[in-house]
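**Q**
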Amino acid sequence: YNNVIVIGVLLFAQAIIGWYMVKSGLSERVDVSQYRLALHLTMAFIILGLTFYTLVSYLLDNKLINNNSIFIMKHKSLLIILFIFICFQISYGAFVSGTHSGLLYNTWPLYNGNIIPFIENTQMRWIINFFENGEYIIFIHRTFAMVILFLLFYLNYSIIMNRKINSYYPVIIFFNITFVLQIVLGVSMTYLNIPWHLALLHQGNSILVFLLSLFMYQLSLKSPQ
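In my numbering, the protein residues as written are 19 to 243.
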């Protein structure tokens, strides 16, 4: 019940953050602050993650989910790294949306023919560029997606090399599909100038990616050794 109370408090806080975010677009700006958008989005995923974690923990503890996967110890560290990277990528996506960085380049994997985007000298402090400069933001978002994809390849390879077929639990396959779909949606949006229906699918699919990565980590915590 402690988690339920925490979730309730977070929901109340989320409402306040939502008002705070919208307020940033009601004065001088015609859109909301990317910082407040990121805060609002991150809080939403924290609430979703805690709710999902509580539900899955209850189902596993009461053996309502048959966890017969064999995630050996080293997979646990890979899965927590994967989950953390997914959380960062989703939260950072709010800066892409809030600054409209996705509209800067309609090519992939190159940036209008360049390996890295052309970045003009700015008066911003170096670290601020990663939150306010569109070229920096879209470069980090795209590059980090490839980092996660590489990590996912390594996770699949590691599991297969252990030669334990039952360790390749269906949730891994589902996660592979949803993450590849997420990249396909992202690339498609790039070429099509961010159509709203693909943007909604991209955001909606990120929920599945997030929940599946959390679910895999929970299974690894309670898997037989």
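Just so it is clear, CB atoms sit at the ideal spot from N, CA and C, and this is done for glycine as well.
Since the model is a prediction, treat every value here as computed from it, not as a measurement.
What are the residues that DSSP puts in a beta bridge with residue 129?
**A** Paired residue(s): 132.
**Q** Helix, strand or coil for residue 213? Go by DSSP, reduced to three states.
**A** DSSP places residue 213 in coil when its eight states are reduced to three.
**Q** Going by CA-CA distance only, name the one from 116, 156 and 107 that's closest to residue 123.
**A** When only C-alpha atoms are compared, the closest one is 156.
**Q** Does the distance from the C-beta atom of residue 70 to that of residue 235 stay below 8 Å?
**A** Cβ atoms of residue 70 and residue 235: not closer than 8 Å.
**Q** Does the count of Cβ pairs from the stretch 145-156 and the stretch 115-135 closer than 8 Å reach three?
**A** In short, these stretches touch, since the Cβ pair count reaches three.
**Q** Once the 5 residues before and after residue 205 are set aside, which same chain residues still bring their CB inside 6 Å of it?
**A** Result list for residue 205: 126, in chain order.
**Q** Please report the Cβ distance between residue 165 and residue 103, rounded to the nearest whole angstrom; I am assuming they are in contact, meaning their Cβ atoms lie under 8 Å.
**A** So it is a contact: roughly 7 Å between Cβ atoms.
**Q** Quick one, are the C-beta atoms of residue 68 and residue 21 less than 8 Å apart?
**A** The answer is yes: Cβ separation under 8 Å.
**Q** Leaving out five residues before and five after residue 203 in sequence, what residues of the same chain have Cβ atoms less than 8 Å from its Cβ?
**A** Counting only Cβ-Cβ distances below 8 Å, and skipping sequence neighbours, we find 216, 219, 220 and 223.
**Q** With H, G and I counted as helix, E and B as strand and the rest as coil, what does DSSP make of residue 160?
**A** Reduced to three states, the DSSP call for residue 160 is helix.
**Q** Are residue 106 and residue 52 close, meaning C-beta to C-beta below 8 Å?
**A** Result no, Cβ atoms of residue 106 and residue 52 do not sit closer than 8 Å.
**Q** In this structure, how does DSSP classify residue 117 when only helix, strand and coil are distinguished?
**A** Residue 117: coil per DSSP, three-state reduction.
**Q** Alpha carbon to alpha carbon, how far is residue 108 from residue 118? Give it in angstroms, no decimals.
**A** Cα to Cα, the separation comes out at about 15 Å.
**Q** Nearest by alpha-carbon distance to residue 239: which of 189, 78 and 173 is it?
**A** Residue 239 has its Cα closest to that of 78, out of 189, 78 and 173.
**Q** Run through DSSP, which three-state label would residue 189 get?
**A** Of the three classes helix, strand and coil, the one that applies to residue 189 here is helix, per DSSP.
**Q** Consult DSSP for residue 71 and reduce its assignment to one of helix, strand or coil.
**A** Of the three classes helix, strand and coil, the one that applies to residue 71 here is helix, per DSSP.
**Q** Out of curiosity, what's the CA-to-CA distance linking residue 28 and residue 110?
**A** Rounded to the nearest angstrom, the two C-alpha atoms are 21 Å apart.
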